[in-house]
Amino acid sequence: MTGRFWHEIEGRPWPEVQAIQETRLRHQLAYFEGNSEFYRAKLKAAGVAFDQIRTTADLVRIPFTLKTELRDSLAECPPLGLHLAAPMSRVIQMQATSGTTGSPCYVGLTQHDIRVWSEMGARCLYAMGVRPGDVCLHGHSMSKGFVGGVPMFQMFQHLGACDIPIGADAGVERLLRVLADQRPQVVAGTPHFIIYLAERAPEVLKQEAKAFGVRNVAVGGEPGGGIPAVRARAEALWGADVREMCGGTDLGCSYWGECEDKSGMHFCGQEFILFEVIDPERGHPLPVETGVKGELVYTALDREASPVLRFRSGDHVEVLGTSCRCGRTAPKIRCFGRTDDMLIVRGVNVFPSAIKDVMAGFEPRTTGAIKVVADFPGHTTQRPVRVKVEHGRGMAGAELPALKAELERKLHDVLAFRAIVELVPPDTFEKPGVQKVSLIERIPQGEQSAPLAAI
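Each residue of the sequence shown is one higher than the one before, starting from 1302 at the first, in the working numbering.
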């Protein structure tokens, strides 16, 4: 810890960091060659020799690793697949994905891997305002093997903070009782669950959440923490500073974290992970510079058990800057959603999180809760898209037609696509909990939509 940063590398000139990454890449590639049956076969099939990859620029010669390949590998060779690159005798922890885009994937961790994950996470937490000695109420799931559970607990411990591992699985009332009993400085959870938790506080505790002295709210696990209206709502409810973090099961719990400038999440895996931004449609690398939008691709630089090489994350981001007033030199991003959630409406790319961002700007006339109805095959449609929006409490029936028209007009003006808004009553959608909030309602072809009490 160096005062402004958890680790001094966070303030080093970025070219120096890139030089370290080049060296680490060569070491990791040698490790792949000696220990990974999966990647030996993959590079051989591509006609690429490991010793031909000497720099990060050479990585384009290597084909991407896809999530489907990892699932197939796991199925072929349980428990951790052909891409396991360390003896099972050295694997001391496993984590699982949520399986929201298919069957769950599992990753193994050696003691060294846990230290790396915890170090990256500590950098994120420190950037987000968490300090050694802080007490944190853990609002992510602790019971399903997700990285928001035990690995996040380990992140807080590595930082020197005290994590109370209650977890979202325990339920809202239990979490709020612990909040009142322990008065933590930090609360962590998904953005939508954190808001719901605070909204329930007056009912359960007879006091507002902001009465309990929380200083920092750390959100992650789903897009939303960087949406201005969502952040503003959470900060108002908690009376606390809300910052966002991001990671992924295949590479680590968290390796992007937002500083006090709140202008994007800094990369915090400097010497542990190499990231690329690519055009998701063509697969071409894009320059990492302000304003660039694309999909993140990752290569592990210091991983033993389940390393990945040019792994397509599916996370669609915008690079928001390559410098910052906080002094950190790593690029910073905002994540809009997953490329497999993206809809193409008459040639326009539309992310559900962007729709939510627009709708949240109409609170309190809306609750901010939405569902995008995908009643067409795949991700492409030539028709207007149905968007269900919860109207605000106390909205009179006579007010709803004008609100519907206003919402449709705003979506067209901001996102350049045509929507058919269906206003539904408050509390129509399931409240946030252990699982991530899905903003898409997919209707199988041949099925009719359920009748709506809607305008």
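All C-beta atoms in this analysis are idealised placements derived from N, C-alpha and C, irrespective of residue type, glycine included.
Exposure of residue i, with buried meaning 16 or more beta-carbon neighbours within 10 Å
i: alanine 1499; result: buried
i: serine 1624; result: exposed
i: methionine 1421; result: buried
i: glutamate 1707; result: exposed
i: leucine 1375; result: buried
i: aspartate 1464; result: buried
i: glycine 1507; result: Sequence check: residue 1507 is lysine here, not glycine. Classification for lysine 1507: exposed.
i: glutamate 1370; result: buried
i: alanine 1606; result: buried
i: threonine 1324; result: exposed
i: aspartate 1373; result: exposed
i: serine 1390; result: exposed
i: threonine 1366; result: buried
Contacting residues, own chain, Cβ-Cβ under 8 Å from residue i (five flanking each side not counted)
i: isoleucine 1467; result: Leu1438, His1439, Gly1440, Met1443, Arg1475, Leu1476, Val1479
i: glutamine 1298; result: No information on residue 1298 is available, as it lies outside the stretch 1302 to 1756 that the chain covers here.
i: glutamate 1742; result: Lys1672, Val1673, Val1674, Ala1675, Lys1689
Among the options, the one whose alpha carbon lies nearest that of residue i
i: valine 1505; options: Val1473, Ala1489, Gln1486, Pro1524; result: Val1473
i: glutamate 1731; options: Leu1385, Arg1743, Gly1525, Ala1670; result: Ala1670
i: threonine 1334; options: Ile1321, Gln1322, Asp1352, Glu1323; result: Residue identity differs from the one stated: residue 1334 is glutamate in this sequence, not threonine. For the residues Ile1321, Gln1322, Asp1352, Glu1323, the minimum Cα distance to glutamate 1334 belongs to Asp1352.
i: glutamate 1338; options: Arg1325, Pro1388, Gly1695, Gly1304; result: Pro1388
i: lysine 1711; options: Ala1655, Ile1744, Val1738; result: Ala1655
i: valine 1392; options: Leu1383, Val1408, Ala1489, Val1518; result: Val1408
i: serine 1555; options: Asp1642, Phe1447, Arg1687, Glu1317; result: Phe1447
i: valine 1686; options: Arg1647, Gly1695, Cys1463, Asp1658; result: Arg1647
i: phenylalanine 1576; options: Ala1510, Met1643, Gln1322; result: Gln1322
i: lysine 1511; options: Arg1583, Gly1522, Arg1484, Gly1521; result: Arg1484
i: alanine 1840; options: Lys1445, Thr1411, Pro1379; result: Outside the displayed range of the chain (1302 to 1756) lies residue 1840, so it cannot be described from this structure.
i: proline 1608; options: Tyr1332, Phe1454, Arg1516, Val1488; result: Tyr1332
i: isoleucine 1415; options: Asp1359, Asp1551, Pro1405, Gly1638; result: Asp1551
i: phenylalanine 1677; options: Thr1729, Ile1744, Pro1503; result: Ile1744
i: valine 1361; options: Gly1695, Ser1404, Leu1587, Asp1642; result: Leu1587
Length of the line joining the Cα atoms of residue i and residue j
i: threonine 1491; j: leucine 1460; result: 20 Å
i: glutamine 1329; j: leucine 1602; result: 6 Å
i: arginine 1613; j: phenylalanine 1457; result: 28 Å
i: alanine 1697; j: proline 1726; result: 11 Å
i: glycine 1679; j: tyrosine 1497; result: 32 Å
i: arginine 1544; j: arginine 1532; result: 8 Å
i: isoleucine 1645; j: glutamine 1683; result: 8 Å
i: serine 1419; j: glycine 1553; result: 8 Å
i: tryptophan 1315; j: valine 1589; result: 12 Å
i: histidine 1585; j: tyrosine 1599; result: 14 Å
i: tryptophan 1539; j: alanine 1481; result: 13 Å
i: proline 1380; j: arginine 1341; result: 20 Å
i: threonine 1591; j: isoleucine 1528; result: 18 Å
i: glycine 1434; j: alanine 1471; result: 24 Å
i: tyrosine 1412; j: histidine 1384; result: The amino acid occupying residue 1412 in the given sequence is glutamine; tyrosine does not appear at that position. For glutamine 1412 and histidine 1384, the distance between alpha carbons rounds to 18 Å.
i: histidine 1493; j: lysine 1657; result: 12 Å
i: valine 1521; j: cysteine 1378; result: Here the sequence assigns glycine to residue 1521, which means valine is not the residue at that position. Approximately 32 Å, taken between the alpha carbons.
Beta-carbon proximity list for residue i, same chain, < 7 Å, skipping 5 on both sides
i: isoleucine 1363; result: Leu1344, Ala1347, Val1349, Ile1354, Leu1610, Arg1611
i: threonine 1667; result: Met1660, Val1690, Glu1691, His1692, Gly1693
Same chain only: Cβ atoms within 6 Å of residue i, ignoring 5 sequence neighbours per side
i: glutamate 1596; result: Ile1579, Pro1581, His1617, Thr1640
i: cysteine 1636; result: Pro1524, Cys1547, Asp1616, Val1618
i: glutamate 1311; result: Arg1629
i: alanine 1751; result: Caution is warranted here: a pLDDT of 40 is assigned to alanine 1751, below 50, making its placement in the model unreliable, and no coordinate value can be reported.
i: lysine 1594; result: Glu1619
Is it a yes or a no for the segment 1547-1561 touching the segment 1619-1630, going by three-plus beta-carbon pairs under 8 Å? Yes, the segment 1547-1561 touches the segment 1619-1630.
Touch test, the segment 1646-1664 against the segment 1708-1720, Cβ-Cβ under 8 Å, three pairs minimum: Counting Cβ pairs under 8 Å, three or more are found: they touch.
The segment 1410-1425 contacting the segment 1567-1575, beta-carbon criterion three pairs below 8 Å: At 8 Å Cβ cutoff, the stretches touch.
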